[in-house]
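Accompanying notes for the structure given below.
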Amino acid sequence: MKLIVGIGGMTNGGKTTLTNSLLRALPNCCVIHQDDFFKAPLFQPQDQIAVGEDGFKQWDVLESLDMEAMLDTVQAWLSSPRKFARAHGVSIQPEASDTHILLLEGFLLYSYKPLVDLYSHRYFLTVPYEECKWRRSTRNYTVPDPPGLFDGHVWPMYQKYRQEMETNGVEVVYLDGTKSREKLFREVLEDIQNSLLNRSQESAPSSARPARPQGPGRGCGHRMARPAASQPDTV
Numbered sequence: 087m088k089l090i091v092g093i094g095g096m097t098n099g100g101k102t103t104l105t106n107s108l109l110r111a112l113p114n115c116c117v118i119h120q121d122d123f124f125k126a127p128l129f130q131p132q133d134q135i136a137v138g139e140d141g142f143k144q145w146d147v148l149e150s151l152d153m154e155a156m157l158d159t160v161q162a163w164l165s166s167p168r169k170f171a172r173a174h175g176v177s178i179q180p181e182a183s184d185t186h187i188l189l190l191e192g193f194l195l196y197s198y199k200p201l202v203d204l205y206s207h208r209y210f211l212t213v214p215y216e217e218c219k220w221r222r223s224t225r226n227y228t229v230p231d232p233p234g235l236f237d238g239h240v241w242p243m244y245q246k247y248r249q250e251m252e253t254n255g256v257e258v259v260y261l262d263g264t265k266s267r268e269k270l271f272r273e274v275l276e277d278i279q280n281s282l283l284n285r286s287q288e289s290a291p292s293s294a295r296p297a298r299p300q301g302p303g304r305g306c307g308h309r310m311a312r313p314a315a316s317q318p319d320t321v
């Protein structure tokens, strides 16, 4: 049983924190960070990143990332999750040896078409504009943000790619990034665990399957869920 889980969304929305919590909690779990696929690594000269019409280096666009290399890495996991896990220092848990989970974390996970259909779950973290801008201002980046970058480049690119994602009908589960870390973690963990349970039951012989409860139940599939009206992220 293989699951690919996307933890996407806006800058400083809580993606990495949530991903790290899930990585510790889920069995046989590996992670791929989209930030590792910038064409110009953050610790090297930035000449490969073009300056756009907005006057800023174009870090927050899909073209700044080597998405083919990222896709190749995902395909390597799909072809042999055990080998991939061993290569990345992940020990296979004997009690869940048939379960393999890959977390993809990044800000443009759902903008590269060859990856979109590979996800078992797509999560998208959002926070309001003011909260996002404040969080960004408190971060220390290897390449510091020049004055005006957030309003002149980061936020407009976030809005552009999110609109494209929604226009293309990519179904995601929106998560409110202003919730506590623990609440977000528990919410997503429960969803993934339910999905694993459902798949396990579906693959079991019919005689061994427990009776399904009657009445409405929580679904684990993708769904379009708009952020709450009280948490707008547009200005």
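Every number in this note's numbering is 86 more than the matching position in the sequence shown, counting from 1.
Using N, Cα and C, we set each Cβ at its ideal position, and we do this for glycine too.
1) Can you pull the DSSP bridge partners for glutamate 191?
2) Closer than 8 Å is the cut-off here; do at least three beta carbon pairs connect the stretch 105 to 124 with the stretch 264 to 280?
3) Let me check understanding here. Comparing Cα to Cα, which of Val240, Pro214, Ser206 and Pro180 lies closest to asparagine 284?
4) Does the distance from the C-beta atom of methionine 251 to that of tyrosine 196 stay below 8 Å?
5) Going by DSSP, which residues form a beta bridge with lysine 88?
6) Take glycine 238 and list the residues in its own chain whose beta-carbon comes closer than 8 Å to its own, dropping the five residues that flank it on each side.
7) Of all the options Leu189, Thr97 and Val176, which has the alpha carbon lying nearest to the alpha carbon of tryptophan 220?
8) In chain order, what residues of the same chain lie with their CB nearer than 6 Å to the CB of tyrosine 198, ignoring the 5 residues before and after it?
9) Apart from the five residues just before and just after threonine 159, which ones in its own chain have a Cβ nearer than 7 Å to its Cβ?
10) Under the rule that 16 or more other beta-carbon atoms within 10 Å means buried, what is glutamate 149, buried or exposed?
11) Helix, strand or coil: how does DSSP classify lysine 65 here?
12) Quick check: the Cα distance between leucine 89 and serine 177, rounded to an integer number of angstroms?
13) Just confirm the distance between the C-beta atoms of glycine 192 and glutamine 120, as a whole number of angstroms; I'd bet it's less than 8 Å.
14) Of the residues Asn106, Cys218, Thr228 and Leu190, which one's Cα is nearest the Cα of glycine 94?
Once the coordinates are examined:
1) According to DSSP, glutamate 191 bridges with Ile93 and His119.
2) Touching, yes, given that three or more Cβ pairs across the two stretches are closer than 8 Å.
3) In terms of CA proximity to asparagine 284, Ser206 leads the group Val240, Pro214, Ser206 and Pro180.
4) In this structure, tyrosine 196 lies closer than 8 Å to methionine 251 by Cβ.
5) Per DSSP, His186.
6) Cβ neighbours of glycine 238 beyond the five flanking positions: Asp140, Gly141 and Phe142.
7) Out of Leu189, Thr97 and Val176, Thr97 has the C-alpha closest to the C-alpha of tryptophan 220.
8) Within its own chain, the residues whose Cβ lies closer than 6 Å to the Cβ of tyrosine 198, once the five positions on either side in sequence are excluded, are Met153, listed in chain order.
9) Here the set comprises Ile118.
10) It is exposed - the Cβ of glutamate 149 has fewer than 16 other Cβ atoms within 10 Å.
11) The chain is shown from 87 up to 321; residue 65 falls before or after that span and cannot be answered.
12) In this model, leucine 89 and serine 177 are separated by some 17 Å (Cα to Cα).
13) Indeed they touch by this definition, with Cβ atoms about 2 Å apart.
14) Closest in C-alpha terms to glycine 94, from the list Asn106, Cys218, Thr228 and Leu190, comes Leu190.
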